[in-house]
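**Student:** Which chain is which? The protein sequence lines are A and B, in order.
With the numbering used here, letter number 78 in the first sequence gets 78, and the count goes up by one each step, no holes.
With the numbering used here, letter number 218 in the second sequence gets 218, and the count goes up by one each step, no holes.
2 protein chains.
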Amino acid sequence: MPADEKPSTSVWTRPRPRQREHLTREQIVAEAIRLLDAEGVGELSMRKLGTRMGTAATSLYRHVANKDELIELVVDEVYGELDVPTAPGGTRWRAAVTRTATELRAMTLRHPWIAPELGQVGLVHVGPNAVRMSSALLAQFEAAGFPAHEMDQATGTLMAYVIGIATTEAAYLSQIARSGKTEQEWVTGLRPAFDDATREHPRLRAGSSAQRDAHPQRIRDDNFAYGLDRVLDGLTARLTP
Amino acid sequence: MPADEKPSTSVWTRPRPRQREHLTREQIVAEAIRLLDAEGVGELSMRKLGTRMGTAATSLYRHVANKDELIELVVDEVYGELDVPTAPGGTRWRAAVTRTATELRAMTLRHPWIAPELGQVGLVHVGPNAVRMSSALLAQFEAAGFPAHEMDQATGTLMAYVIGIATTEAAYLSQIARSGKTEQEWVTGLRPAFDDATREHPRLRAGSSAQRDAHPQRIRDDNFAYGLDRVLDGLTARLTP
DNA sequence: TAACTCATGCGTACAGTGTTCGCATCAACG
DNA sequence: CGTTGATGCGAACACTGTACGCATGAGTTA
Numbered sequence: 001m002p003a004d005e006k007p008s009t010s011v012w013t014r015p016r017p018r019q020r021e022h023l024t025r026e027q028i029v030a031e032a033i034r035l036l037d038a039e040g041v042g043e044l045s046m047r048k049l050g051t052r053m054g055t056a057a058t059s060l061y062r063h064v065a066n067k068d069e070l071i072e073l074v075v076d077e078v079y080g081e082l083d084v085p086t087a088p089g090g091t092r093w094r095a096a097v098t099r100t101a102t103e104l105r106a107m108t109l110r111h112p113w114i115a116p117e118l119g120q121v122g123l124v125h126v127g128p129n130a131v132r133m134s135s136a137l138l139a140q141f142e143a144a145g146f147p148a149h150e151m152d153q154a155t156g157t158l159m160a161y162v163i164g165i166a167t168t169e170a171a172y173l174s175q176i177a178r179s180g181k182t183e184q185e186w187v188t189g190l191r192p193a194f195d196d197a198t199r200e201h202p203r204l205r206a207g208s209s210a211q212r213d214a215h216p217q218r219i220r221d222d223n224f225a226y227g228l229d230r231v232l233d234g235l236t237a238r239l240t241p
Numbered sequence: 001m002p003a004d005e006k007p008s009t010s011v012w013t014r015p016r017p018r019q020r021e022h023l024t025r026e027q028i029v030a031e032a033i034r035l036l037d038a039e040g041v042g043e044l045s046m047r048k049l050g051t052r053m054g055t056a057a058t059s060l061y062r063h064v065a066n067k068d069e070l071i072e073l074v075v076d077e078v079y080g081e082l083d084v085p086t087a088p089g090g091t092r093w094r095a096a097v098t099r100t101a102t103e104l105r106a107m108t109l110r111h112p113w114i115a116p117e118l119g120q121v122g123l124v125h126v127g128p129n130a131v132r133m134s135s136a137l138l139a140q141f142e143a144a145g146f147p148a149h150e151m152d153q154a155t156g157t158l159m160a161y162v163i164g165i166a167t168t169e170a171a172y173l174s175q176i177a178r179s180g181k182t183e184q185e186w187v188t189g190l191r192p193a194f195d196d197a198t199r200e201h202p203r204l205r206a207g208s209s210a211q212r213d214a215h216p217q218r219i220r221d222d223n224f225a226y227g228l229d230r231v232l233d234g235l236t237a238r239l240t241p
């Protein structure tokens, strides 16, 4: 019905004079995050984002140069969700670092679509929020007493661990999300295929798979905490020789 | 000139009867890796891959279900490059694990385009080569003396660290490769912008940036080795209480 | 030798993508 | 009132992954 679209003279059918600033960079980024959270990274297209905001796809290009740039903005925006504690003195640095790491992981699991992007922009990506986070983490290690030249390496080690495990988990969760099942259904459903594939590698079939199928999420939490403790153990050993 | 394309009767102009098995799954995967190494992940399209192999794009679909499946195959193929040492007894487990980790990182840096894929398929991806690798690594930790239930968590910790740091490095290297510069040119060229962006976060400006600009690759190597040692320190501590 | 089967290659087509360009609109300003 | 400059948007381009159906010809059977 093109008649509907024609410039009708009636005040009611005529589209509102679309006030300025209806479309801002902030709103676009926010809506993109909402879309990504809801439908995953494969469903983010400029046109789809456009219709969601009630505009044409090409209008977005007035506020954002690229889809790539949009993604950079989006990634930095979720970094902004992190609330990194300021560096405490004494021996409480470990608690602070643990909290930072835990929050970074939680953020990644909240937005699993970020995993492939981290592999593309990495941490070269220097948005303001990412910079703030890195700086705060460095401060925590400095307060712990690491010498200047080692402070860098120590934070790098921690970040690598957290990003590595969170990325792996996020990829796993994305795959589950795409299937529409819950984590438990997915795990128990795939069990026979997995057992079959690893028949010649019995070592891969760890622990009581029954228990593992029951509380997959709890096991992931435990694994994360275990590794984090080991990494921090290894780093702490450098402080008290 | 469509005349050229028409089914000419001459034996010479007529295309060779294209012997069977000209196109195999193995050849497709191999050529895809070559293309990825040469031009990066953004340049891999089925048509481009097709013309490279002297066939039409759609012909590839006789041997590969999807582009996604092709990528799964490609990822597992590069896992096959790894030569994981068999588990040694005694205290030499640490050397073996170190070598495995180093090789895994080297493989990722050889094929930087793999980083975003690892974030998509993660390690849920159970191709035969990936399984072989995981199994061998588990064996190394078992030989080290980890109890059964902890063996899993220990390997997970190590893998997370290696994947995290290698992924970050790979993303960084991909970005450089796309710019056409060398790593040194890139680093020194971006220095002013970086210094500017981190003016309010002086902690981020680590060490003598002059030396850092001179041997960026060596510094990455050192950082990797440092973190790997810390992670292994933390894990070793669990063995001798 | 002749007929048949069926895996393989490929041309065409479709729906969808990111992005460019030029035109229309309209708030703000002189 | 006239001008300017920012903003929205329709149309178009080059490109993507992939479904479909037809042609070919090697291998097998009669």
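We put the beta carbon where it would ideally sit given N, CA and C, even for glycine.
Note that this is a predicted model, so its numbers are computed, not measured.
(1) Exposed or buried, what is Trp93 (chain A) when buried is set at 16 or more other beta-carbons lying within 10 Å of its beta-carbon?
(2) Counting only Cβ pairs nearer than 9 Å, list the residues of chain B close to Tyr242 (chain A).
(3) Between Val97 (chain B) and Leu158 (chain B), is the Cβ-Cβ spacing less than 8 Å?
(4) Specify whether the region 181 to 190 of chain B and the region 106 to 121 of chain A touch according to this definition: at least 3 beta carbon pairs, one from each stretch, less than 8 Å apart.
(5) For a quick check, are the C-beta atoms of Leu82 (chain B) and Leu104 (chain B) less than 8 Å apart?
(6) Considering only residues of the same chain and omitting the five flanking positions on each side of Ala171 (chain A), which have a CB-CB separation below 7 Å?
(7) Whether or not the region 138 to 153 of chain B and the region 196 to 203 of chain B are in contact is what I'm after, with contact meaning three or more pairs of Cβ atoms, one per stretch, closer than 8 Å; do they touch?
(8) Can you find a heavy atom of the ligand ATP that lies under 7 Å from the Cβ of Trp186 (chain B)?
(9) Applying the 10 Å Cβ sphere with the 16-neighbour rule, what's the burial state of Arg178 (chain B)?
(10) So which of A:Tyr61, A:Ala95, A:Val231 and A:Asp213 has the shortest CA-CA distance to Arg25 (chain A)?
(11) Find out if the Cβ-Cβ distance for the pair Leu70 (chain A), Arg52 (chain A) is shorter than 8 Å.
(12) If contact is defined by three or more beta carbon pairs under 8 Å, each pair taking one atom from either stretch, is the region 126 to 133 of chain A in contact with the region 127 to 140 of chain B?
(13) For Leu82 (chain A) and chain B, any beta-carbon pair shorter than 8 Å?
(14) Is the beta carbon of Ala166 (chain B) less than 8 Å from the beta carbon of Thr108 (chain B)?
(15) Using alpha carbons as the reference points, say which of B:Ala139, B:Asp68, B:Ala160 and B:Asp152 lies closest to Leu228 (chain B).
(16) List, from N- to C-terminal side, the beta strand (DSSP E) runs of 3 residues or more that fit wholly inside the region 122 to 188 of chain A.
(17) For Ile163 (chain B), would you say it is in contact with chain A, using Cβ-to-Cβ distances shorter than 8 Å as the test?
(18) Output yes if chain B places a C-beta closer than 8 Å to the C-beta of Ser59 (chain A); else output no.
(19) One question on the structure: do Val29 (chain B) and Glu77 (chain B) come within less than 8 Å of each other, judged by their Cβ atoms?
(20) Return the CA-CA distance between Ala154 (chain A) and Met46 (chain B), expressed in angstroms with no decimal places.
(21) Please determine, among A:Ser174, A:Thr55 and A:Gly189, the residue with the shortest C-alpha to C-alpha distance to Gln27 (chain A).
(22) In terms of residues, what are the limits of the alpha helix (DSSP H) holding Gly227 (chain A)?
(23) Of all the CB atoms in chain B, is at least one closer than 8 Å to the CB of Arg105 (chain A)?
(24) Could you check the C-alpha separation between Gly234 (chain B) and Arg238 (chain A) for me, to the nearest Å?
(25) If you measure between the beta carbons of His163 (chain B) and Thr100 (chain A), is that distance less than 8 Å?
(26) From the DSSP output, in three-state form, read off Glu81 (chain B) for me.
(27) Mind reading off the beta-carbon distance from Ala32 (chain A) to Ala87 (chain A)? Whole number of angstroms is fine, and I expect it under 8 Å.
(28) Please confirm if Asn223 (chain A) has its CB atom under 8 Å from at least one CB of chain B.
(29) Are there 16 or more other CB atoms within 10 angstroms of the CB of Asp196 (chain A), so buried, or fewer, so exposed?
(30) Against chain A, does Ser135 (chain B) count as a neighbour if the rule is that its beta carbon must be under 8 Å from one of theirs?
(31) Whose Cβ in chain A lies nearer than 9 Å to the Cβ of Asp233 (chain B)?
(32) Identify the contact partners of Leu138 (chain B) in chain A, using a Cβ-Cβ distance below 7 Å as the criterion.
(33) To the nearest angstrom, how far is the alpha carbon of Gly156 (chain A) from that of Phe224 (chain B)?
(34) Compare the C-alpha of Met151 (chain B) against each of A:Leu73, A:Tyr226 and A:His63 and name the closest.
**Tutor:** Judging by the given coordinates:
(1) buried
(2) No statement about residue 242 (chain A) is possible, as the shown extent of chain A runs from 1 to 241 and does not include it.
(3) yes
(4) no
(5) yes
(6) Ala115
(7) no
(8) No copy of the ligand ATP occurs in the structure displayed, which carries no ligand at all.
(9) exposed
(10) Looking only at A:Tyr61, A:Ala95, A:Val231 and A:Asp213, the smallest Cα-Cα distance to Arg25 (chain A) is reached by A:Tyr61.
(11) no
(12) no
(13) No, Leu82 (chain A) lies away from the interface with chain B (no Cβ there is under 8 Å from its Cβ).
(14) yes
(15) B:Ala160
(16) none
(17) yes
(18) no
(19) yes
(20) Between the C-alpha atoms of Ala154 (chain A) and Met46 (chain B) there is a straight-line separation of about 43 Å.
(21) A:Thr55
(22) Pro216 to Thr236
(23) no
(24) Rounded to whole angstroms, Gly234 (chain B) and Arg238 (chain A) show a C-alpha spacing of 11 Å.
(25) According to the sequence provided, residue 163 (chain B) is Ile. The question's His does not apply to it. No.
(26) Coil.
(27) Actually they are not in contact, since the Cβ atoms of Ala32 (chain A) and Ala87 (chain A) sit about 33 Å apart, beyond 8 Å.
(28) yes
(29) Answer is exposed; the Cβ neighbour count stays below 16.
(30) yes
(31) Arg230, Asp233, Gly234, Leu235, Ala237 and Arg238
(32) Close to Leu138 (chain B), with beta-carbon spacing below 7 Å, are these residues of chain A in chain order: Arg203 and Leu204.
(33) Whole-angstrom Cα-Cα distance: 9 Å.
(34) Closest option to Met151 (chain B), Cα to Cα, is A:Tyr226.
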